[in-house]
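J.: Residue numbers 66 to 287, in this note's numbering, belong to the letters of the sequence shown in order.
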Amino acid sequence: MTFHSMKMEEINKIIRDLWRSTYRGQDIDYIEIRSDADENISASDKRRSYNYRVVMTKGGTALDMRGRCSAGQKVLASLIIRLALAESFCLNCGILALDEPTSNLDRENIESLAHALNWIGPVLNFYLSDTTSNAIQTSQILTSSRIIKSRSQQRNFQLLVITHDEDFVELLSRSGYVEKFYRIKKNLDQCSEIVERQQFRCQSSLGSKTKDKRQTSKTEQA
């Protein structure tokens, strides 16, 4: 019981700090996980059961987030909770993956998330994967070794971010930790190929020139 309380306080402290450093809205001061012990278990059952819920606090008043938050707030809360759990339980974990962390976030919160991730890590590599249709869709996989500055001494740690948002990638690249990135795209034979780029280029107005280097590895597109 004591260990559970201590661990929950540790996790919630990380969650509160990340929320305050990332969320740019004025309607939620911070979020945290509440855990209520299940009182309906039998006295002979020594296992303790907890009901976990995410609450949002504003002006000292806490409300359950379920059914009361926007899609963007839900995505951001989910991301922050995963980061907090990883920091608390997976100190020696080599890889942490975030899939589409900017989904449903507005521009302001995307920028603050990029800032938080930069504050969190060094050594950044990423991949861009193109699929051709009427318009090119781009996926980017970024590898960053904070939740990186705090783990700079852990040589095997990498943060893997999968996103379609090139501006978000460009914001992450401003940290100065970007070494190179890879674009994965289909060729004329509908096979996937990897193009190594030595310098970041965003296809928006923020872009700069890049140098491409074809890789020999190709795989059949499923």
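We put the CB at the ideal spot given by N, CA and C, even for glycine.
Less than 7 angstroms between C-beta atoms, sequence neighbours within five positions excluded: which residues of the same chain meet that for residue 83?
T.: Residue 83 sits at position 18 when you count from the first residue of the sequence shown. So the qualifying residues of the chain are 145, 148, 149, 181.
J.: Hey, residue 130 and residue 96 are a contact pair by Cβ (cut 8 angstroms); roughly how many whole angstroms apart?
T.: Here residue 130 corresponds to residue number 65 of the sequence shown, with the count starting at 1. Here residue 96 corresponds to residue number 31 of the sequence shown, with the count starting at 1. Confirmed, Cβ separation roughly 7 angstroms.
J.: How big is the Cα-Cα spacing for residue 161 and residue 227?
T.: Sequence index remark: in the sequence shown, residue 161 carries index 96 (1-based). Sequence index remark: in the sequence shown, residue 227 carries index 162 (1-based). Going from the Cα of residue 161 to the Cα of residue 227 covers about 11 angstroms.
J.: Based on DSSP bridge pairs, tell me the residues matched to residue 118.
T.: Here residue 118 refers to the residue found at position 53 when the sequence shown is read from its first residue. DSSP, once it has assigned bridges, lists 99 as partnering residue 118.
J.: Let me know the secondary structure DSSP gives residue 167 once reduced to three states.
T.: Counted from its first residue, the sequence shown places residue 167 at position 102. Correct three-state label for residue 167: coil.
J.: Have a look at residue 176 and residue 254 and give me their C-alpha separation to the nearest angstrom.
T.: One-based indexing of the sequence shown puts residue 176 at position 111. One-based indexing of the sequence shown puts residue 254 at position 189. If you take the alpha carbons of residue 176 and residue 254, they lie about 37 angstroms apart.
J.: How would you label residue 141, buried or exposed, when you count the other beta carbons within 10 angstroms and need 16 or more for buried?
T.: Here residue 141 corresponds to residue number 76 of the sequence shown, with the count starting at 1. Label assigned to residue 141: buried.
J.: Can you tell me whether DSSP reads residue 143 as helix, strand or coil?
T.: The residue labelled residue 143 in the question sits at position 78 within the sequence shown. Three-state result, residue 143: helix.
J.: Can you tell me the Cα-Cα spacing of residue 125 and residue 94, whole angstroms?
T.: Taking the first residue of the sequence shown as 1, we reach residue 125 at position 60. Taking the first residue of the sequence shown as 1, we reach residue 94 at position 29. So the alpha carbons of these two residues sit roughly 9 angstroms apart.
J.: In the DSSP assignment, find the unbroken beta strand (DSSP E) run with residue 253 in it and report its ends.
T.: Locating residue 253 in the sequence shown gives position 188, where the first residue counts as 1. Looking at the DSSP string, residue 253 is not in any beta strand (DSSP E), and its letter there is neither H nor E.
J.: For residue 235, count neighbouring Cβ atoms within 10 angstroms of its own Cβ and tell me buried if that reaches 16, exposed if not.
T.: As a position in the sequence shown, residue 235 is number 170, starting the count at 1. With 16 or more Cβ atoms within 10 Å of its Cβ, residue 235 is classed as buried.
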